[in-house]
Structure formats: structure tokens, C-alpha cells
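Using my numbering, the first residue of the sequence shown is number 1, and each one after it goes up by one. The C-beta atom is built at its ideal place from N, Cα and C for all residues, glycine as well.
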Amino acid sequence: MFSPLASGFLMQSEKDAERIRALERLPIGVDVSGNLKYDLELPAPTPLSNWLEAEARRSGRSPIIVAASVVATEEPLALIAFGTLQGEYPKALLVLAPRKPECFEAAAEFIDESHRKFIRRSKLPIPGPTHSPGVSQNGAISEDVTVILIDSIGELASLYRVADGVFVGGSLVPSGGHNILEPRLSEKSPVFGPSMENFAEIASRFVSAEPQCK
């Protein structure tokens, strides 16, 4: 039963609208409004993104790869791919951001198993004076650190502008994918896997878009 407070349905696509119209005895109108995710605003810089940009420039760490919103079992795949990249770019830096807080510790274990030295975002001296292994008192990354584990919420979108490459998780396993518009807003072309059911229309537009020559 539809709520008497509803005055209509605004659907992302015509296909979605047809599904609603197929319902019997629909008492209200159905229109196609498009996807509101296209109205995203560019995220403001954060202390973390400002620090990462400055520190990467100071220490010559490049390229910076952000593996965003990864879900269980994608972390090892991201680490393997990053290892291949390191063969050509020894000073590359991986920023690994699990999708859910309950996965932070599992992600740390995956990094340990890959025999890589890493630092946790929660231990960085940003904005306070805390100190952690792999980071000096002034916030410099040790040369042997190759991974930053983002064990925080709300900072990921600000890091896209600093990245040289972005992988969007939830797409290499049957999880439905995550929002690939966020990195594109920072003029980065996201890499993603085949499981994009939750963002099918957006993913289709990305895949079918022809390269633009400048």
C-alpha cells in the first residue's frame, strides 16, 4: 500500500519508471528525474588531503593510488595490483580505504600478510602531535612505508584530488559496486570491476564514453 502522503515517484531512469508503472492501481504519478548523484559538489580539502599532497611532493612519492571503499577479499587483490605497479614505480604509495569500520583490522592483517610496512590514518599527526611508527614527529612518511590505511570515516572523498589513480571497490566481488562519480568529480577516471549492479546506469555511461582528445 502506498503512503497517502506521497504525491508522486521520481525515478532515476525510464526503465525504473516502467517498473513502477507496472504496479497495479498506482494512485500517483511517475516521472523520470535522473540520478541526483550527478549533483555532487566538489569536496573541500581536509587536513589529511592537504598533508598527503604536501608530503608526497616533499618526499617525491608518486604515483599515489587510492583503493576506495574496498570490501572483504578485495584488499589482497588491491595489494597484488599495487605490487605490480611498484615494479615500475618504486616510490608509489597506496592509500587503502575499507568500506566499513568493522573491516579496518582485517585490512591491516592483509597488509601485514603482504609484508608491507604501513601506517594508519588514525595514528598520523593530523591535526594533533601524536606519533606513530613509520611517521616522524613532523608528519613525514618513512621511505619504507608503502601503504596508508584509512581507518577513518568522512575523509575519503577529499583524497581523490591528490590521487594519480583511483580504484573503486565493491566491484571485484558480487557486492554491487560503489559511487564512481566521486573520483570523477576530482577529474580522475575511476577503475572498477564487473560488479556494478547498484550503479549500472552510471557505469554504463563511463564504459561507453568515447575518449576525448584535447
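Looking at residue j and residue i, is the spacing between their C-beta atoms short of 8 angstroms?
i, j, result
"Leu-93", "Thr-146", "yes"
"Ser-69", "Val-166", "no"
"Gly-177", "Ala-157", "no"
"Ser-62", "Ala-56", "yes"
"Ala-140", "Ile-64", "no"
"Leu-181", "Leu-42", "no"
"Val-66", "Leu-149", "no"
"Leu-48", "Glu-155", "yes"
"Phe-199", "Asn-179", "yes"
"Ala-78", "Cys-103", "no"
"Phe-110", "Pro-76", "yes"
Can you look up residue i in the DSSP assignment and give me helix, strand or coil?
i, result
"Phe-118", "strand"
"Thr-84", "helix"
"Ile-141", "strand"
"Ala-67", "strand"
"Val-162", "helix"
"Pro-98", "strand"
"Pro-90", "coil"
"Asp-31", "strand"
"Ile-126", "coil"
"Phe-226", "Absent from the model: residue 226. The displayed extent of the chain is 1 to 214, so no value can be given."
"Leu-240", "This structure does not reach residue 240, given that the chain is present from 1 up to 214, and the question cannot be answered."
"His-131", "Summary for His-131: the model assigns pLDDT 45, below 50, so the residue's position carries little reliability; its value from the coordinates is reported in the next sentence. Reduced to three states, the DSSP call for His-131 is coil."
"Val-207", "helix"
Quick one: measure Cβ to Cβ for residue i and residue j, integer angstroms, because I've assumed they're closer than 8 angstroms.
i, j, result
"Ala-107", "Pro-98", "5 angstroms"
"Ser-7", "Ile-28", "6 angstroms"
"Ser-208", "Gly-193", "17 angstroms between Cβ atoms; not a contact."
Tell me the rounded alpha-carbon separation between residue i and residue j.
i, j, result
"Val-173", "Ala-22", "32 angstroms"
"Lys-87", "Val-95", "For clarity, residue 87 is Gly in the given sequence; the question names Lys instead. Looking at the two C-alpha atoms, the distance is approximately 17 angstroms."
"Val-30", "Glu-18", "9 angstroms"
"Gly-34", "Lys-15", "11 angstroms"
"Arg-121", "Tyr-89", "23 angstroms"
The beta strand (DSSP E) with residue i in it runs from where to where?
i, result
"Leu-10", "8 to 11"
From which residue to which residue does the alpha helix (DSSP H) around residue i run?
i, result
"Leu-181", "181 to 185"
"Asp-39", "Neither: Asp-39 is in no alpha helix (DSSP H) and is coded neither H nor E."
"Glu-155", "Per DSSP, Glu-155 belongs to no alpha helix (DSSP H) and is neither H nor E."
"Phe-104", "104 to 113"
"Asn-50", "47 to 59"
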